[in-house]
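Colleague:
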Amino acid sequence: MASVLVSSPPIHTLADLLAYLGDIAPDRVRFQPLPGTATEQDVLRIQAHEGRLCELVEQVLVEKAMGFRKSCLAVALGVALWQFIRPRNLGLVTGAGGPMRLAPGLVRIPDVAFISWSRLPERRMPTEPIPDLAPDLAVEVLSGSNTPGEMQRKRREYFEAGVRLVWLVDLETRTVDIYTDIDHVTTRSEADTLDGDLVLPGFTLELQELFAELDLEADAI
Numbered sequence: 001m002a003s004v005l006v007s008s009p010p011i012h013t014l015a016d017l018l019a020y021l022g023d024i025a026p027d028r029v030r031f032q033p034l035p036g037t038a039t040e041q042d043v044l045r046i047q048a049h050e051g052r053l054c055e056l057v058e059q060v061l062v063e064k065a066m067g068f069r070k071s072c073l074a075v076a077l078g079v080a081l082w083q084f085i086r087p088r089n090l091g092l093v094t095g096a097g098g099p100m101r102l103a104p105g106l107v108r109i110p111d112v113a114f115i116s117w118s119r120l121p122e123r124r125m126p127t128e129p130i131p132d133l134a135p136d137l138a139v140e141v142l143s144g145s146n147t148p149g150e151m152q153r154k155r156r157e158y159f160e161a162g163v164r165l166v167w168l169v170d171l172e173t174r175t176v177d178i179y180t181d182i183d184h185v186t187t188r189s190e191a192d193t194l195d196g197d198l199v200l201p202g203f204t205l206e207l208q209e210l211f212a213e214l215d216l217e218a219d220a221i
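Residue 1 is where the sequence shown starts when you use full-length UniProt numbering, and the numbers rise one by one after that.
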């Protein structure tokens with residue numbers, strides 16, 4: 001593995017690899033194909049045949065953290081963004097099935113993302129399954145298997161690729177950490193309003209309304 005992960009410190013053991021990836025759990029690293037040999041085609045093959053989402057980090061397949069509540073909240077946030085973006089024709093909104101090549105050998109799948117038309121080749125919908133682009137806004141909805149090290153690494157990768165705004169949504173604390181660069185963070189609580197900053201000026205969302213999705217239940221009969 002050390003000979004393939006050229007930008008990493010020496011990796012001799014599984015523990016080294018997990019630490020390099022942000023101290024993630026070992027069951028999130030795919031060993032078929034072996035770490036250091038995976039390609040973008042493996043990302044697409046596993047998604048098509050197994051229905052599992054994998055990100056590609058220096059030829060290592062890392063299964064994306066999943067969860068039912070996480071998925072429901074990501075959809076609600078994506079819909080809120082789409083309802084603002086679509087009538088104004090500002091660009092595209094993607095969900096957790098939309099992989100993006102942030103750099104050679106680096107494929108990430110934000111839970112929700114906004115890509116302005118100016119970032120898209122010929123200002124139109126990409127036709128390739130893994131387009132070469134960085135979104136304006138990347139949203140990650142945290143789950144129990146995400147680690148601080150993993151999210152710090154993702155933030156760095158996003159901003160180095162040209163992402164302008166990152167939201168980290170925490171279901172347990174019902175907060176959103178807003179990053180305008182890798183280290184500058186503002187936290188919004190359930191009582192606050194989320195806005196689009198300079199990336200989506202005019203967009204606002206009451207976080208109490210968003211997190212209320214987690215409390216939905218059928219009407220009593």
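In this text, a Cβ means the ideal position worked out from N, Cα and C, and glycines have one as well.
So, using beta-carbon positions, are arginine 30 and leucine 61 closer together than 7 Å?
Modeller: Contact: yes.
Colleague: Along the chain, where does the alpha helix (DSSP H) containing glycine 196 start, and where does it finish?
Modeller: No alpha helix (DSSP H) contains glycine 196, which is instead part of the beta strand (DSSP E) from 193-196.
Colleague: Please return the same chain residues whose Cβ sits closer than 6 Å to the Cβ of isoleucine 182, not counting the five positions on each side in sequence.
Modeller: Within the same chain, isoleucine 182 has close Cβ partners Arg155, Arg156 and Phe159.
Colleague: Where alanine 80 and glycine 196 are concerned, what is the direct C-alpha to C-alpha distance, given to the nearest angstrom?
Modeller: Rounded to the nearest angstrom, the two C-alpha atoms are 12 Å apart.
Colleague: If you compare alpha carbons, which of Phe203, Glu209 and Thr180 is closest to serine 189?
Modeller: Checking every option, the nearest Cα to that of serine 189 belongs to Glu209.
Colleague: Cβ atoms of valine 93 and aspartate 111: under 7 Å apart, would you say?
Modeller: No. Outside cutoff.
Colleague: Let me know the secondary structure DSSP gives leucine 96 once reduced to three states.
Modeller: The sequence as given places alanine at residue 96; leucine does not occur at that position. Of the three classes helix, strand and coil, the one that applies to alanine 96 here is coil, per DSSP.
Colleague: Could you name the residues of the same chain whose beta carbon sits closer than 6 Å to that of arginine 101, not counting the 5 residues immediately before and after it, in chain order?
Modeller: Cβ neighbours of arginine 101 beyond the five flanking positions: Val107, Ile130 and Asp132.
Colleague: In the DSSP output, what is tyrosine 20 paired with across the bridge?
Modeller: Paired residues: none, contrary to the question.
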